[in-house]
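Everything below concerns the one structure shown next.
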Amino acid sequence: MFWSRKSVKSDNAKATAVSGSAQPTDGGASGPRLITTNKGLVAHNLGKSFKKRPVLKDVSVSVQRGEAVGLLGPNGAGKTTSFYIITGLIAADRGTISLDGRDITMMPMYQRARMGIGYLPQEASIFRGMTVEQNIMAVLEVVEDDRIKREQSLEDLLAEFAIEHLRRTPALALSGGERRRCEIARALAAHPNFVLLDEPL
299 MFWSRKSVKS
309 DNAKATAVSG
319 SAQPTDGGAS
329 GPRLITTNKG
339 LVAHNLGKSF
349 KKRPVLKDVS
359 VSVQRGEAVG
369 LLGPNGAGKT
379 TSFYIITGLI
389 AADRGTISLD
399 GRDITMMPMY
409 QRARMGIGYL
419 PQEASIFRGM
429 TVEQNIMAVL
439 EVVEDDRIKR
449 EQSLEDLLAE
459 FAIEHLRRTP
469 ALALSGGERR
479 RCEIARALAA
489 HPNFVLLDEP
499 L
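Counting the sequence shown from 1 gives a position; this note's numbering is that position plus 298.
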């Protein structure tokens, strides 16, 4: 998923958006036309406090399909908290979140995931007792009923992230980079429309 900036603002975190995107074109020699008629994922004026200490203030971001947005800020600025709120891990004290024009502010995390919002946390999230292919297949078995399609998706993801040779390697034996590639592949196995990556590299 490639995101490019629409708007990112944070008075508290002083977040900055970095754009690296595919822009809509008219087709032909300039490339395929990117459809952006939907309203995308929008967070508006998010705010959060812990024990009366504000950690987020008026954070807003708008992302269309096909765009890449980077949220920048120092440690403690509230980047991870913003992701937690958008994915539904924690509730905002104020502000709204919408997906394609539908208000999802009060929806639990699992419903947001079913609607296409994926999340890769900063901390390790791999299933340590499984191999690489078992980690990815665990997600595919939830989202894809057809066995042949599951196996094809597994092969595609292993190839895309160059981890075919690690397919039967226990998760605990992976290096940091190998583990991260496995985690990203597993996140994409759910076929999300939007993926929030918290320090993916």
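Ideal placement from N, C-alpha and C gives every residue a C-beta, glycine not left out.
Taking the alpha carbon of L344 as the point to measure from, which residue in Q420, L397, I384, M413 has its own alpha carbon closest?
-> The option with the nearest alpha carbon to L344 is I384.
Excluding the 5 residues preceding and the 5 following Y417 in the sequence, name in chain order all residues of the same chain whose CB lies nearer than 6 Å to its CB.
-> Contacts found: T385, L494.
Limits of the beta strand (DSSP E) - the one that D395 falls within = Before going on, a small fix: residue 395 reads as Ile here, not Asp. It spans 392 to 397 - the beta strand (DSSP E) in which I395 sits, taken as one unbroken run.
Figure out for me which residue from G376, G399, L397 has the closest Cα to the Cα of I388.
-> Comparing Cα-Cα distances from I388 to each of G376, G399, L397, the minimum goes to G376.
From P352 to N373, what does the alpha carbon distance come to, in whole angstroms?
-> Taking the straight line from one Cα to the other gives about 15 Å.
Can you tell me which of the three DSSP states T385 falls into?
-> Assignment of T385 by DSSP, reduced to helix, strand and coil, places it in the helix class.
For F459, I'd like the list of residues in its chain whose CB is within less than 6 Å of its CB, leaving aside the five on either flank, ordered along the chain.
-> Scanning its chain for C-beta atoms nearer than 6 Å, with the 5 sequence neighbours on each side dropped, one finds around F459 the residues R479, A483, in chain order.
The alpha helix (DSSP H) with S451 in it runs from where to where?
-> Residue range 445 to 458 is occupied by the alpha helix (DSSP H) that includes S451.
Close beta carbons around M407, own chain, < 8 Å, minus the five adjacent residues each side = Counting only Cβ-Cβ distances below 8 Å, and skipping sequence neighbours, we find T385, G386, L387.
Contact under 9 Å by Cβ, N491 with I415 = Closer than 9 Å, so yes.
Any idea if L397 is buried or exposed, counting beta-carbon neighbours within 10 angstroms, 16 or more meaning buried?
-> By the 10 Å Cβ count, L397 comes out buried.
Separation of M413 from D401, as counted between CA atoms = Computed Cα separation, rounded: 12 Å.
Got a sec? Which residues, its chain only, sit under 7 Å from M405 by beta carbon, not counting five neighbours each side?
-> G386, listed in sequence order.
Just how far apart, CA to CA, sit Q432 and H463?
-> Each residue's Cα considered, the two are about 14 Å apart.
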